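Visitor: Below you'll find the structure I mean.
Numbering (our numbering), first residue to last: 250 to 365.
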């Protein structure tokens, strides 16, 4: 018998966001996370975290519009639209995805799990 499933485990850094009731549907919050800034968005009850940086020119996505009903954020500089669930750009000029991160509720807090 081998050691199935006992390979190296990836480590995560846990970043606290807020209690769930402080991020109602249709709202977002910026969260510092080491060298990153994350945008944490509530799209109709689904919570998503995305790096707050456009993949086209590093513009802050939080300064743009976002469409909670479509779960899309729009870069304020050139209008690229990003899917908040996947980070995939939906329109040009961006063509590279923006990193997205898992959000979970733990001990009454929303937390983002970042790879270490």
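Glycine residues also receive a C-beta, built at the ideal position from the N, C-alpha and C atoms. Model, not experiment: these values are computed from the prediction.
(1) Exposed or buried, what is residue 331 when buried is set at 16 or more other beta-carbons lying within 10 Å of its beta-carbon?
(2) So residue 334 packs on residue 320, CB below 8 Å; how close in whole Å?
(3) Of the choices 308, 278, 328 and 307, whose alpha-carbon is the least far from that of residue 292?
(4) Contact check, residue 420 vs residue 302 under 8 Å by CB: the rounded distance?
(5) Closer than 7 Å by C-beta to residue 363: which residues in its own chain qualify, once you throw out the five before and the five after it? Chain order, please.
(6) For residue 267, which of helix, strand or coil comes out of DSSP?
(7) Ignoring anything shorter than 3 residues, give me the beta strand (DSSP E) runs that lie fully in the stretch 293 to 327, in order along the chain.
(8) Spatial neighbours of residue 290 within its chain, please: CB distance less than 6 Å, with the 5 preceding and 5 following residues excluded, ordered by chain position.
(9) With a threshold of 7 Å on Cβ separation, who are the neighbours of residue 339 within its own chain once the five nearest residues in sequence on each side are excluded?
Guide: On the basis of the supplied data:
(1) buried
(2) 6 Å
(3) 278
(4) Here the chain has residues from 250 to 365 only, and residue 420 is not among them.
(5) 261, 262, 264, 282 and 350
(6) strand
(7) 295 to 300 and 321 to 323
(8) 277, 297 and 333
(9) 321, 330, 331 and 332
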